Each structure stands twice: as C-alpha cells, then as structure tokens.
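These protein sequence lines map, in sequence, to chains A and B. Numbering-wise, my numbering puts 202 at position 202 of the first sequence, and it's gapless, one number per residue. Numbering-wise, my numbering puts 1162 at position 162 of the second sequence, and it's gapless, one number per residue.
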Amino acid sequence: MDASSVVAPPPSGRNPGRSLHRFANPGRFLRLSGVVLPWLAATGAALTALGLIWGLFYAPADWQQGDAVRIMYVHVPAAWLASAGYLGLAICSVLSLVWRHPLADLAAVEIGPVGAAFTALCLLTGSIWGKPMWGAWWVWDARLTSVLVLFFLYLGHIALVRAFDNPERGYRSGAILALIGVVNLPIIKFSVDWWNTLHQPDTITLTGAPTMYVGMLWPLLFSALGYTLVFAAIVAARTRAAVMERRIRTLLMMRAEETAA
Amino acid sequence: MTAFLAVVTRELRLSLRHSADTLAAVLFFLVVAALFPLAIGPAPETLGRVAPGIVWVCALLSALLPLDRLFGADFEDGSLDQLLLCGLPAAAVALAKALAHWLVTGIPLLITAAPLAIMLRLPDPALPWLLAGLLPGTMLLSLLGTASAAVVVGARRGSVLLPLLVLPLVTPVLIFGVAAADAASAGLSPRPDLLLLTALVAAALPLCPMAAGAGLRAAGE
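Dropping the structure here:
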C-alpha cells in the first residue's frame, strides 16, 4: 500500500477501510440514523416494558429470595450494559485512534454518560436488593467493587474528554484513556475477585446451561435485549445531536466571519 | 540510548534544582500517614492491623503529587515539543520520564516507608514484605501515572483530573501490595502477591510508555 492511500481513503476500490469510511460521512449518518432511530427506540422501549412487566408481575418469585428477586430484571441487564458500554467505548476509541473516524470520536464522547448512567443504575438497584438480602446497603464484595471502579473509569473518561479547549485533543486523550482502562479492567476484576467474594457467581454463562428457571430466564432476556436497544438508541440520538451541534457551530462561525468581512 | 540518558539526566537535574518540590511528596507522605494514629487511636493492635493499608494509600497519594508537573511544565514552556523532536520515539521520552519519576519520588517513598511502618507498629515479620511489595508497586505507580499524566497534558484543571484517572487504574496494585504485607503478618507466604505485582510491572513496562507516547504525540500536534 503506498503512502497516499494510507493518508486518504481511495475514492473507489476494494479497500477494507472503505466500508468503515462510508459511515464516517456525518450527512449519511444523519440520514440513516434518522430512519433507524424511531424504530430502534420504539422496539427497545417495547421490549424493555415487556420484559419488566413480565418479570415484575408475572414471573414466579424465588423460593429463597421471595419477591426481592424481581429487581434482577432491572439490575442484571444494567450490569451487562455497563460492561458492554465500556467495550463499545473501547471499540470507538480504536476506530478513532487508528482510522481517525470522526463519528467514532463523537460516539465515544456520547457513550460515556450513558454507560455511566447504566452503571449507576446497576449499583443503585444492587444496593436496594442488598439491603433485604445481605442486610446492608453496601458490602465491599468483589463484584460491587469492580463495578464501582468501572463507574469511576467512566467518570474519568467523561471528565477528560470535556477538559480540553480543543475538542480533537479531548477525543485523542479520551481514546487513549479508554484503551488503558479496557486493558486494566480484567486485571482489576481479577484482583478484586481475589481480594473478596460474596456476590453470587454467574448464573448465565456463554458456555454452560443456565442454572435458572425458564420462566425467569425469558423476561430477563427480553429486558436485556430491550435495554441494549435503548442504550443504542440513546447513544445514536446523542451522536445525532452532537453532529448537528457541530454543524450549527460551523454555520455560526461562517456567518460571524462573513459579517466581520 | 545517549538521548534517553540525556533526558533522564535532565529530569534528575531539574528535580535536584527544585529540591523543595521533590521533598514535598515525601513530606506529604509522612504527614498524612502521621494523621492516622491521631484519627484511629494509638492502640498498637489496631494500628498494626491497618498499617500496610495506610502506608500504601499514602504512597499512592504522594506519588500523584509530582505527576501534574511531569509534563505540564515542559508543555507550558515549549520544551515538550523539543523533546518530541529530539529523535527519540515519544514512548522512549515517556519511559525516561517514568524512570525519573520513580527515581525521584518512588525510591524516597520506599525509603521513608520503612520508619513510617515501624512507627505505625507494623508487625516485624511483615516489614520486609511491605517494602518488597512497594518496590514493584512504586514502579507501577510511576508507569501508570506517566501514562495518565501524558493524557491530561494541556487539559484545563489537569491536576484535579489526574487523581480521578490514576486512582481507579491502580486498584490492583493496592490490593496485591497490601495482600503481600497482610499475608506476611498472618504467617502466610507473600510470594504469590509479589509475583503478581512483578507480572504487572512486566506488562506495564512496554504498554504504559506506549500509551503515554501516544498521548504526548496528541499533545504535540
């Protein structure tokens, strides 16, 4: 590959980067997301409502935990989204560092607060569940602690990307920090597991059969899918808003320059 | 190599000329740790039990203090651009800075930790293991701190931001470091924790300067 094709994507050809750069065009993103977003949001909201209503009113109560188990339908998907959101942040960071993908920059900035909100929801519901079950609002258990550290990582990223006068610098720095964080997360997870464990082990894993009653599993899966779509919809809507904000700022700058001249 | 050593020497010379700044971190370490007996009470059992944790947390906080100026001063007076143009890769500049930070802050903290731990009534068998944990631990603090400091160069309120970035990243260091000392005072082997800490140094040694180099290049753009 010659130097010019590295600097600028070729106008046509079978370059693997092309499919990626097709979505780098903010105008195309705005058109596409404008069509997809209402469907995404509506399906997400409907699935979340279905999963939550099923889980909160119709799913069986646990033989040991009673009705307190129902908070699981709010808590567990939030926990999944908290980690998946950080992974999404890291993927956007790779796209932004390696390909200078302008939409990935904006998406990374917008994933931060949404991911932090889901992490906060996870911590909050976990604490509400912990009070009747463990007898304490907060226990320094391995999983709680690693989610808390994840929350701090989100907050650090949010604060960092907004701390620069030049937004480009914020994107670069935020991307590097997110990658440091994603490398460090498994280490934090492992070290905290080693340190103390009280939280129950995973009930649903990718490799084994779930050790959970099917009547509880279905609502959980629905609400997890719904949460994921809602997460994606919020991030897409925020990214749209960020693109438009940028356009408005450019237009205002142009007008200001015209009046000055 | 010559350029690398030159950068390290420059850093050491600068910190020698500003010796008050250099000493401030160590003094902060001593003063903050001395507050704990006043807050917790002087009972030797309680103090001895929490001594490794106090020493480690205070070391973490003290190592943060000079990080703000690590690249900040060079960025403000333009010498950061010179450093990036001197022919060394940005990662090597970052490694030199991390080495200088360790020599200037890490080693003094390590030396001060010994009398401090004795004053905090740490059980005698745990003392060598606390220091043995602090040796790779301070290296990790320097490496992770350099990476974070490189990322905040040029940020508004960078000094306020740094603790928020560094402290979550160093939780594994704290856990393994304190676990080594605790294991030793309980009569168990501190070896696994120390091996894990050393493994973390081995992983951070190439990765952190790389990340810091990327941050410096972004700052130089």
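Heads up, the beta-carbon is just placed ideally off N, CA and C, and yes, glycines get one too. The structure presented is a predicted model; accordingly, all values stated were derived computationally and were not measured.
- In the DSSP assignment, residue 164 of chain A falls outside any alpha helix (DSSP H) and carries neither an H nor an E.
- Apart from sequence neighbours up to five positions away, the residues of its chain that approach residue 213 of chain A with a beta-carbon distance below 8 Å are 60, ordered along the chain.
- With contacts defined as CB atoms closer than 8 Å, residue 231 of chain A and residue 54 of chain A fail to qualify as a contacting pair.
- Within the same chain, Cβ atoms closer than 6 Å to the Cβ of residue 226 of chain A are found at 44, 47, 48, 51, the five residues on either side in sequence being excluded.
- Of all alpha-carbon atoms in A/250, A/254, A/174, A/245, the one lying nearest the alpha-carbon of residue 89 of chain A is that of A/174.
- Note on geometry: alpha-carbon atoms of residue 1096 of chain B and residue 1045 of chain B lie some 42 Å from one another.
- For a Cβ distance threshold of 9 Å, residue set 1171, 1172, 1175 of chain B lies close to residue 192 of chain A, ordered along the chain.
- Secondary structure note for residue 248 of chain A: its alpha helix (DSSP H) is the uninterrupted segment 214-260.
- Between residue 1141 of chain B and residue 1205 of chain B, the C-beta spacing is not below 8 Å.
- DSSP assignment within the stretch 1088-1148 of chain B yields the following whole alpha helix (DSSP H) runs of 4 residues or more, N-terminal first: 1090-1101, 1107-1119.
- In chain order, 1154, 1155, 1156 make up the part of chain B whose C-beta sits under 8 Å from the C-beta of residue 164 of chain A.
- Within its own chain, the residues whose Cβ lies closer than 7 Å to the Cβ of residue 1065 of chain B, once the five positions on either side in sequence are excluded, are 1024, 1025, 1028, listed in chain order.
- For residue 1168 of chain B, the nearest CB of chain A lies under 8 Å from its own CB, placing it at the interface with that chain.
- Under the three-pair Cβ rule at 8 Å, the stretch 1170-1187 of chain B does not count as touching the stretch 155-170 of chain A.
- Of all residues in the stretch 101-118 of chain A, none places a beta-carbon less than 8 Å from a beta-carbon of chain B.
- Straight-line spacing of the CA atoms in residue 194 of chain A and residue 1179 of chain B works out to 10 Å.
- Residue pairing from DSSP leaves residue 1072 of chain B without any beta-bridge partner.
- For residue 35 of chain A, the enclosing alpha helix (DSSP H) has its first and last residue at 26-53.
- Burial check for residue 1138 of chain B: the Cβ neighbour count within 10 Å reaches 16 or more, so the residue is buried.
- Closer than 8 Å to the CB of residue 85 of chain A there is not a single CB belonging to chain B.
- Taken residue by residue, none of the stretch 127-146 of chain A has a beta-carbon sitting less than 7 Å from a beta-carbon on chain B.
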